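A.B. asks: Read left to right, the sequence shown gives residues -19 to -1, 1 to 534 (mature numbering (1 follows the signal peptide of the UniProt record, and there is no 0)).
Beta carbons are placed, not taken as given, at the ideal position from N, Cα and C, and that holds for glycine.
The model shown is predicted, which means the values in this text are computed figures rather than measured ones.
The structure is given below, and queries will be raised subsequently.
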Amino acid sequence: MRFAASGLLVLLLAGVAVAQERPGAAAIASAHPLATEAGHEILSRGGNAFDAAVAVTAALGVVEPYGSGIGGGGFFLLHRASDGFETMLDARETAPGAAHRDMYLDDDGEVIPGLSVDGPLSAGIPGMPAALVHLAEQYGELPLADTLAPAARLAREGFPVDAVYRRMATFRLEALSAYPEATRVLLHDGGVPPEGTLLRQPDLADTLERLGREGFDGFYRGELAELLVEGVRDAGGIWTLEDLENYSVVEREPVRGEYRGFRITAASPPSSGGVALISILNQLAHYDLEAMDEATRTHLMVEAMRRAYRDRAEYLGDPDFVDMPLARLMSLDYAAGLRATIHPERATPSELLPVTLEPLPESEQTSHFSVLDANGNRVAATITINYPFGSGFMPPGTGVLLNDEMDDFSAKPGAPNVYGLVGAEANAIEPGKRMLSSMTPAFIENDERVVILGTPGGSRIITMVLLGAKSFMNGGDAQAIVSRPRFHHQYLPDEIQFEVDAFDAPTLEGLQARGHTLAPQTRRFGNMQAIIWDRVAGEVSAASDPRGIGEAR
């Protein structure tokens, strides 16, 4: 959808268009219409983009419990219009204090299937409640209780179950059925709720209202914290009250890069997204991609992806625990070295690249939203509880569905996780450590236009954001960015995964001739949410991925 900035017309001085300093119109793009509505409700009450982000995050956790929630975490990329200040809120989950590197291995040192995915032992300490408190207290205009009110109302009054909810619940029915509280709240008579069923979550409503009243202490200390820990430990988990009390959101400097006149601002570690995105673009900057045929262009992009994902698996982790060569990984000189190993007409088998491990998969059931307010404040946020419906475990009396983010650690360096990604020592389990992620909320801009974008999609997130960014740089509008057919390579498995309409026959033949293994995907991937502010035209446009059920307005 497109919005004209009311009262702000394009200015022409001496025949030159002048970029505007304020958009004059607001937009929200999220994965669910009710979450978009919650954000606009807060904007209409005088809130800014950061207040709206609180409302959207909380509402998504109510209506999309398969993708996000206050039992999970995420990354919030912020831009404050008044002074240009930018930061990333790291609300990634942390490993409990009793966690250790061998906790998911059997006596023979092999990974025990499912242990890091299902149940309370798979849950990291949630960061989302702390992030909502931090956003409201440090950046918002309204009280937290006000910005959480729409989500609390949705939880108490209920929302109708849709086809997406049913599909995800069917996929995770065994895990949800294993725990009585999740069965009671999220299922219907022990099975998947029929479409249209009103799903009410009164305990979650109480928790959101408590968080609004009491802030950090309302979740991480006191009565609710005791319920969370008691529920986790009674079911075999290892949380303690100290784990909750010691959690903190961290503000981190985003990573930044440039590509052909565009500035890239994206998530920094423990997200691998920004580093890998900039690495890929740096490798591609040497080529005139738009002058090439599609097979050659795709081949070069895939080879750049391959090398960035190899480095992701080898070097990246929690910056509070791991020394990472970030400046080198994002330097043009390093990219030139990587590019020198790319054969223009031949795929490089991943096994020939220097390697000490194989790479880790991540959940595709994450969620993303983008917000722009009339003053130009921006938020790009990617949030998750990892696998669909997280761990499947809900501590009784809390309404909080817990994540299974412990699976995003390297349970055993070199062993793939549930999504097929692999990791090295940099992402090994340690108490208090944050697990590596591919979430890539991003701002891409030049002096004329800016896009706020991101997507769920597990290990494919980085390449989807890359394709969205390239579409934007080539002049694409918001709808074109989110609709573009997608392809992906993540180093291992050594194959090009692609949506069935991504390539025409000559391109497929050209890629095969170069030695690439092709892996068409029967299911589309991603659910991108994008907002574009055209500073010169004085217009704001927003689009929600047609692959999902979201709404942009």
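If you scan the region 473 to 529 from start to end, which runs of the alpha helix (DSSP H) of 4 or more residues do you find wholly inside it?
C.D. replies: Listed in chain order, the complete alpha helix (DSSP H) runs (minimum 4 residues) inside the region 473 to 529 are 486 to 494.
A.B. asks: Rounded to a whole number of angstroms, what is the C-alpha to C-alpha distance between residue 361 and residue 167?
C.D. replies: Rounded to whole angstroms, residue 361 to residue 167 spans 28 Å at the Cα level.
A.B. asks: Decide if residue 93 is buried, meaning its Cβ has at least 16 other Cβ atoms within 10 Å, or exposed.
C.D. replies: With fewer than 16 other Cβ atoms within 10 Å, it is exposed.
A.B. asks: Out of curiosity, what's the CA-to-CA distance linking residue 524 and residue 156?
C.D. replies: Looking at the two C-alpha atoms, the distance is approximately 34 Å.
A.B. asks: Note the first and the last residue of the continuous alpha helix (DSSP H) segment covering residue 278.
C.D. replies: 275 to 296 is the span of the alpha helix (DSSP H), which, as asked, contains residue 278.
A.B. asks: For a quick check, are the C-beta atoms of residue 40 and residue 19 less than 9 Å apart?
C.D. replies: Yes. Within cutoff.
A.B. asks: Using beta-carbon positions only, say whether residue 441 and residue 471 come within less than 9 Å of one another.
C.D. replies: Their beta carbons are under 9 Å apart, which means residue 441 touches residue 471 by this criterion.
A.B. asks: Looking only at its own chain, which residues have a Cβ that is under 6 Å from the Cβ of residue 68, when we skip the five neighbours before and after it?
C.D. replies: The residues are 59 and 232.
A.B. asks: Looking at C-alpha atoms only, which residue of 290, 140, 184 and 283 is the closest neighbour of residue 439?
C.D. replies: Minimum Cα distance to residue 439 is reached at 290.
A.B. asks: Check residue 368 in the structure and name its three-state DSSP category.
C.D. replies: Residue state, collapsed to three classes: coil.
A.B. asks: Within 10 Å of its beta-carbon, does residue 66 have 16 or more other beta-carbons around it, so buried, or fewer, so exposed?
C.D. replies: Result: exposed.
A.B. asks: How far does the alpha helix (DSSP H) with residue 137 in it extend, from its first residue to its last?
C.D. replies: Segment 125 to 138, the alpha helix (DSSP H) holding residue 137.
A.B. asks: Could you check what DSSP says for residue 59 in three-state terms: helix, strand or coil?
C.D. replies: DSSP places residue 59 in strand when its eight states are reduced to three.
A.B. asks: Do residue 42 and residue 132 count as a contact pair if the criterion is CB distance below 9 Å?
C.D. replies: Yes, Cβ-Cβ distance for residue 132 and residue 42 is below 9 Å.
A.B. asks: Give me the Cα-Cα distance between residue 98 and residue 372, rounded to the nearest whole angstrom.
C.D. replies: If I take the Cα positions, the gap works out to 6 Å.
A.B. asks: Specify, as a first and last residue, the run of the alpha helix (DSSP H) that residue 15 falls within.
C.D. replies: Note, residue 15: alpha helix (DSSP H), 14 to 25.
A.B. asks: Is it right to say residue 504 is buried, meaning 16 or more other beta carbons lie within 10 angstroms of its own, or is it exposed?
C.D. replies: Classification of residue 504: exposed, given that the 10 Å Cβ count is below 16.
A.B. asks: Can you tell which of 529, 334 and 255 has the C-alpha that lies nearest to the C-alpha of residue 319?
C.D. replies: The candidate whose alpha carbon is nearest that of residue 319 is 334.
A.B. asks: Mind checking residue 404: buried by the 16 CB within 10 Å criterion, or exposed?
C.D. replies: With a pLDDT of 48 at residue 404, under the threshold of 50, the modelled position of that residue is not reliable, and no figure is offered here.
A.B. asks: Measure from the alpha carbon of residue 275 to the alpha carbon of each residue in 522, 490, 498 and 35, then state which is nearest.
C.D. replies: The option with the nearest alpha carbon to residue 275 is 490.
A.B. asks: Name the residue from 96, 306, 31 and 26 whose alpha carbon lies nearest to the alpha carbon of residue 386.
C.D. replies: Closest option to residue 386, Cα to Cα, is 96.
A.B. asks: Is it buried or exposed, residue 284, if we count other Cβ atoms within 10 angstroms and call 16 or more buried?
C.D. replies: Buried: at least 16 other Cβ atoms inside 10 Å.
A.B. asks: On the DSSP bridge assignment, give the partners of residue 68 in chain order.
C.D. replies: Residue 68 pairs with 59.
A.B. asks: If you run the structure through DSSP and keep just helix, strand and coil, what is residue 441?
C.D. replies: Of the three classes helix, strand and coil, the one that applies to residue 441 here is helix, per DSSP.
A.B. asks: On the three-state DSSP scale, how would you describe residue 9?
C.D. replies: It is a strand residue.
A.B. asks: Contact between the region 72 to 86 and the region 186 to 203: three or more CB pairs below 8 Å?
C.D. replies: No: the two stretches stay apart, fewer than three of their Cβ pairs being nearer than 8 Å.
A.B. asks: Please report the residue range of the beta strand (DSSP E) in which residue 426 lies.
C.D. replies: Taken as a continuous stretch (DSSP letters only), the beta strand (DSSP E) holding residue 426 covers 423 to 426.
A.B. asks: Quick one: measure Cβ to Cβ for residue 351 and residue 511, integer angstroms, because I've assumed they're closer than 8 Å.
C.D. replies: With a Cβ gap of about 6 Å, residue 351 and residue 511 count as contacting.
A.B. asks: Just how far apart, CA to CA, sit residue 164 and residue 126?
C.D. replies: For residue 164 and residue 126, the distance between alpha carbons rounds to 29 Å.
A.B. asks: Going along the chain, which residues of its own chain have a beta-carbon closer than 7 Å to the beta-carbon of residue 191, five neighbours each way excluded?
C.D. replies: The residues are 199 and 205.
A.B. asks: What is the rounded straight-line gap between the Cα of residue 243 and the Cα of residue 230?
C.D. replies: Taking the straight line joining both Cα atoms gives about 30 Å.
A.B. asks: Can the beta-carbon of residue 261 be found closer than 9 Å to that of residue 444?
C.D. replies: A contact, by the Cβ cut-off of 9 Å.
A.B. asks: Can you list, in chain order, the residues of its chain whose CB lies under 6 Å from that of residue 415, leaving out five sequence neighbours each side?
C.D. replies: 73, 75, 251 and 299, listed in sequence order.
A.B. asks: When we look at the beta-carbon of residue 494 and count the other beta-carbons within 10 Å, is it buried (16 or more) or exposed?
C.D. replies: Exposed: under 16 other Cβ atoms inside 10 Å.
A.B. asks: In the DSSP assignment, what residue or residues form a beta bridge with residue 431?
C.D. replies: Partner(s): 426 and 514.
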